[in-house]
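J.: My structure is below; once you've seen it, I'll send some questions.
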Amino acid sequence: MQEFRSHLIFPIFQKVYKSSANRRGASASVLTNRLGKALCLSCARMSKSPDGGISEIETEEEPANVAHSLDDSWRGVSMEAIHRNRQPFELENLPPVTAGNLHRVMYQLPIRETPPRPYKSPGKWDSEHVRLPCAPESKYPRENLDGSTTIDSRWEMIERALLQPIETSEELQAAILSYNTTYRDQWHFRALHQLFDEELDESETRVFFEDLLPRIIRLALRLPDLIQSPVPLLKHHKNASLSLSQQQISCLLANAFLCTFPRRNTLKRKSEYSTFPDINFNRLYQSTGPAVLEKLKCIMHYFRRVCPTERDASNVPTGVVTFVRRSGLPEHLAYWSQSAAPLGDVPFHVDAEGTIEDEGIGLLQVDFANKYLGGGVLGHGCVQEEIRFVICPELLVGKLFTECLRPFEALVMLGAERYSNYTGYAGSFEWSGNFEDSTPRDSSGRRQTAIVAIDALHFAQSHHQYREDLMERELNKAYIGFVHWMVTPPPGVATGNWGCGAFGGDSYLKALLQLMVCAQLGRPLAYYTFGNVEFRDDFHEMWLLFRNEGTTVQQLWSILRSYSRVIKEKSSKEPRECKASKKKLYDFIKEELKKIRDGPGEGASTEAGSSRAAGSGEGKSETKTSGSAKSSPELNKHPARPQTTTTQQSTDLLPAQSSQDNSNSSEDHALLMLSDDEEANAMMEPLVWKQKAAEK
11 MQEFRSHLIF
21 PIFQKVYKSS
31 ANRRGASASV
41 LTNRLGKALC
51 LSCARMSKSP
61 DGGISEIETE
71 EEPANVAHSL
81 DDSWRGVSME
91 AIHRNRQPFE
101 LENLPPVTAG
111 NLHRVMYQLP
121 IRETPPRPYK
131 SPGKWDSEHV
141 RLPCAPESKY
151 PRENLDGSTT
161 IDSRWEMIER
171 ALLQPIETSE
181 ELQAAILSYN
191 TTYRDQWHFR
201 ALHQLFDEEL
211 DESETRVFFE
221 DLLPRIIRLA
231 LRLPDLIQSP
241 VPLLKHHKNA
251 SLSLSQQQIS
261 CLLANAFLCT
271 FPRRNTLKRK
281 SEYSTFPDIN
291 FNRLYQSTGP
301 AVLEKLKCIM
311 HYFRRVCPTE
321 RDASNVPTGV
331 VTFVRRSGLP
341 EHLAYWSQSA
351 APLGDVPFHV
361 DAEGTIEDEG
371 IGLLQVDFAN
381 KYLGGGVLGH
391 GCVQEEIRFV
401 ICPELLVGKL
411 FTECLRPFEA
421 LVMLGAERYS
431 NYTGYAGSFE
441 WSGNFEDSTP
451 RDSSGRRQTA
461 IVAIDALHFA
471 QSHHQYREDL
481 MERELNKAYI
491 GFVHWMVTPP
501 PGVATGNWGC
511 GAFGGDSYLK
521 ALLQLMVCAQ
531 LGRPLAYYTF
541 GNVEFRDDFH
551 EMWLLFRNEG
561 TTVQQLWSIL
571 RSYSRVIKEK
581 SSKEPRECKA
591 SKKKLYDFIK
601 EELKKIRDGP
611 GEGASTEAGS
621 SRAAGSGEGK
631 SETKTSGSAK
641 SSPELNKHPA
651 RPQTTTTQQS
661 TDLLPAQSSQ
671 DNSNSSEDHA
681 LLMLSDDEEA
691 NAMMEPLVWK
701 QKAAEK
């Protein structure tokens with residue numbers, strides 16, 4: 011049966027891995043043959059626990075031995091086990107599209123033709139909906155030849171400007187500025203000019219202005235026809251879903267390319283959309299750096315793929331994409347200090363090679379997000395999130411309607427298609443041609459690619475991230491992103507070094523936090539270290555230790571809290587010299603687990619040693635605060651989640667939000683305030699007032 015399932019799953023992997031091999035310049039047959047051997051020979055088998063909770067792995071020998079003998083790049087269990095011995099797309103991440111109070115569908119249901127026909131309802135011009143440039147209320151001052159000014163229809167101004175002949179990037183800039191006159195002296199499209207003057211050859215430039223740009227303009231000007239109902243804003247503290255057709259998304263992005271959206275350009279702090287990401291492309295056109303030109307190539311390639319010609323509309327995409335904002339309530343989270351979920355029972359795969367988008371097919375793929383969706387994708391940024399957004403440009407439309415994410419919020423995006431291949435990363439990023447996405451569609455017409463955007467905190471000084479309250483914030487953020495609202499078993503999670511790199515996170519810590527969340531929710535974990543072989547082996551060794559020791563989420567959380575106190579003490583004595591990361595953390599965990607194994611008589615010093623039993627009540631006396639999550643009646647309408655641990659421990663309990671003691675010093679607070687992350691700073695404000703009150 012094991013071999014039979016392996017051969018069933020193999021052809022699907024082969025299609026996707028062929029595209030992956032082409033992008034890397036490797037042989038597709040080598041990748042698929044290697045994968046086939048791993049799937050057929052792996053002795054890992056999944057078994058369901060009696061209570062319907064997390065599945066366990068039965069092995070005849072250590073999974074590490076199997077992995078090492080077949081493929082040196084990965085450790086743990088095979089990807090077949092991560093998929094629960096099912097085909098990669100058999101488990102769903104979201105339910106079918108159904109219109110309702112919490113799910114706005116912008117096209118007609120049921121779908122009777124392709125692409126889907128737009129759903130029609132009265133337009134709205136208010137703070138709860140996207141202000142469309144074609145709305146009758148959209149006005150803009152127009153300068154007359156005699157110097158006077160009149161208030162004109164913004165859409166008519168846009169039409170007049172874009173229907174004129176445009177043959178150069180300078181003329182395109184002039185056309186865009188004609189309906190954005192406020193920024194006439196501020197916008198200078200350097201990157202756009204460089205692309206056409208220096209990067210592309212003469213024939214490519216001519217094709218763009220004679221063929222592609224007119225197609226983009228025609229698509230943009232179809233906005234009143236393709237968007238016939240108001241687009242809701244996915245705002246703070248609301249659980250809401252929005253589904254659009256790929257054709258509608260292409261039209262909205264064509265308008266973003268031409269910078270037509272009103273009220274989205276100002277940088278004023280108290281402006282109407284100050285808590286939303288930017289959507290118009292003007293900032294990208296002004297940015298500098300080689301990656302900017304490559305991102306423009308990705309976006310233009312997308313339009314080449316989706317914009318119909320005057321005579322042929324066969325290339326118009328026919329699918330749909332769903333965006334789901336998840337806003338958690340404290341009572342929907344978990345008591346980390348009471349969780350009896352075993353860490354070693356998580357089906358675990360760690361790989362030093364590959365990427366989340368290539369190897370994580372069929373899994374919930376993590377976007378290492380900025381709280382402003384897309385991060386610097388429309389600027390000079392070009393790391394994990396930005397790259398994902400330019401190779402899958404339909405994700406960009408989320409910037410139009412998604413308010414910045416709060417601590418208990420995440421955004422799930424299902425159905426975005428991939429259009430481009432790439433090589434490199436950051437400054438070495440390059441567009442490397444077309445990508446044909448063979449991902450199957452679900453019953454609603456969505457590509458079965460699920461991406462969750464969760465934003466990590468930004469730490470200016472690395473030791474701040476070991477603060478108990480900030481570790482807990484990251485746990486809760488991952489939890490709201492990874493939680494599965496359906497009654498069917500959840501697919502695994504494909505992730506990696508979330509919040510590391512520029513955000514200053516420690517990959518060794520972030521990996522443990524994500525493992526804890528997967529254990530709590532019963533989700534398999536596929537982790538990609540992006541070339542770091544040492545970290546791959548260290549993380550795998552830690553998982554094996556948890557497996558052998560029967561370590562629970564509760565015990566690891568207690569150890570991390572103890573480590574937090576150690577780091578706090580060191581930083582108070584030597585704040586400039588405190589460096590706690592990588593193997594120091596894992597060595598500490600090993601020592602504490604040894605103390606637990608040896609028993610209290612041998613000097614176990616952590617809370618974990620006295621809290622082995624599930625539900626020991628360790629966290630019951632901890633102070634609860636609501637953090638940034640406000641009451642959201644919509645969340646109560648979600649179906650109840652099934653139990654996912656091997657005990658009756660509820661997963662709907664609140665983890666303590668401010669369980670730190672009163673010994674936080676003003677100096678410690680001042681150090682944390684050096685962080686560039688406003689949220690991290692804001693989380694510390696109550697501690698200052700608490701300390702001052704205690705002093706009084």
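Be aware that the sequence shown starts at 11, since it is given in my numbering, and climbs by one per residue. No residue lacks a Cβ here, since even glycine has one placed at the ideal position from N, Cα and C.
If L119 and A201 are in contact, beta carbons under 8 angstroms, what's the gap, nearest whole angstrom?
T.: Actually they are not in contact, since the Cβ atoms of L119 and A201 sit about 41 angstroms apart, beyond 8 angstroms.
J.: Can you tell which of N507, D516 and V563 has the C-alpha that lies nearest to the C-alpha of A536?
T.: N507
J.: Does D479 come out as helix, strand or coil in the three-state DSSP assignment?
T.: helix
J.: I need the boundaries of the alpha helix (DSSP H) containing N380, first residue and last residue.
T.: Premise fails: N380 is in no alpha helix (DSSP H) and is neither H nor E.
J.: Measure the C-alpha to C-alpha separation of A266 and S297 and round it to an integer number of angstroms.
T.: 16 angstroms
J.: Any idea what DSSP makes of Q524, helix, strand or coil?
T.: Three-state DSSP puts Q524 in a helix.
J.: To the nearest angstrom, report how far apart A351 and E214 are at their CA atoms.
T.: 57 angstroms
J.: For a quick check, are the C-beta atoms of G509 and F378 less than 8 angstroms apart?
T.: yes
J.: Should the stretch 481 to 490 be regarded as contacting the stretch 411 to 426, the criterion being three or more beta carbon pairs within less than 8 angstroms?
T.: yes
J.: Determine, using beta carbons only, whether Y476 and D548 come nearer to each other than 8 angstroms.
T.: no
J.: Thinking L142 and I289 are a contact (beta carbons under 8 angstroms), I'd like their distance in whole angstroms, please.
T.: I289 and L142 do not touch by the CB rule: their CB atoms are close to 12 angstroms apart, not below 8 angstroms.
J.: Name the residue from E208, A466, P151 and R232 whose alpha carbon lies nearest to the alpha carbon of C414.
T.: Closest by alpha carbon: A466.
J.: Assuming the contact rule is C-beta atoms closer than 8 angstroms, S556 and G515 should be a hit. Round their C-beta distance to whole Å, please.
T.: This sequence places Phe at residue 556; Ser is not what is there. Incorrect: roughly 21 angstroms between the Cβ atoms, too far for contact.
J.: Counting beta carbon pairs with one atom in the stretch 277 to 287 and one in the stretch 169 to 180, are three or more of them shorter than 8 angstroms?
T.: Taking a cut-off of 8 angstroms for Cβ pairs, the stretch 169 to 180 and the stretch 277 to 287 do not touch, as fewer than three such pairs fall below it.
J.: So, with DSSP's three-state summary, where would you put P234?
T.: helix
J.: For the alpha helix (DSSP H) that contains S213, what are its first and last residues?
T.: E212 to V217
J.: By Cβ distance below 6 angstroms, which residues in the same chain neighbour T270 in space, the five residues on each side in sequence not counted?
T.: These residues qualify, in order along the chain: P143 and I168.
J.: Got a sec, what are the start and stop residues for the beta strand (DSSP E) S255 sits in?
T.: Annotation: the continuous beta strand (DSSP E) that includes S255 extends over A250 to S255.
J.: What does the Cβ neighbour count give for S431, buried or exposed, with the cut at 16 atoms within 10 Å?
T.: The question names Ser, yet the displayed sequence has Asn at residue 431. By the neighbour-count rule (16 or more Cβ atoms within 10 Å), N431 is buried.
J.: Rounded to the nearest angstrom, what separates R170 and F206 at their Cα positions?
T.: 24 angstroms
J.: Near T539, which residues of its chain fall below 6 angstroms by C-beta distance, leaving aside the five closest residues on each side in sequence?
T.: A362, F545 and R546
J.: For the alpha helix (DSSP H) holding K580, just list the boundary residues, first then last.
T.: V563 to K583
J.: Could you give the distance in angstroms between the alpha-carbon of L254 and the alpha-carbon of R456?
T.: Each residue's alpha carbon lies about 10 angstroms from the other.
J.: Let's see if you can read the secondary structure: which residues bound the alpha helix (DSSP H) around K307?
T.: P300 to V316
J.: Evaluate W135 with the Cβ neighbour count: other Cβ atoms within 10 Å of its Cβ, from every protein chain shown; 16 or more gives buried, anything less gives exposed.
T.: exposed
J.: Can you tell me which of the three DSSP states P340 falls into?
T.: helix
J.: When you compare the CB positions of E153 and T159, do they come within less than 8 angstroms of one another, or not?
T.: yes
J.: Sort F218, E482 and G425 by Cα distance to M347 and report the nearest one.
T.: The identity of residue 347 in the sequence shown is Ser, whereas the question assumes Met. For S347, the nearest C-alpha among the options comes from E482.
J.: So if DSSP puts W715 in a beta bridge, which residue, or which two residues, is it bridged to?
T.: Nothing in the structure corresponds to residue 715, since the chain is present only between 11 and 706.
J.: Is the beta carbon of S574 closer than 8 angstroms to that of E440?
T.: no
J.: Does DSSP classify V462 as helix, strand or coil?
T.: strand
J.: Let's see if you can read the secondary structure: which residues bound the beta strand (DSSP E) around S442?
T.: E440 to N444
J.: Going straight from the alpha carbon of N249 to that of E123, what length do you get?
T.: 30 angstroms
J.: Return the residue from the list G560, Q458 and K604 that minimises the CA-CA distance to Q97.
T.: Q458
J.: Under 8 angstroms, do G86 and V387 count as touching if we go by C-beta distance?
T.: For the pair G86 and V387, the CB atoms are not nearer than the 8 angstroms cut-off.
J.: Determine, using beta-carbon pairs with one atom in the stretch 98 to 110 and one in the stretch 495 to 505, whether at least three such pairs fall under 8 angstroms.
T.: yes
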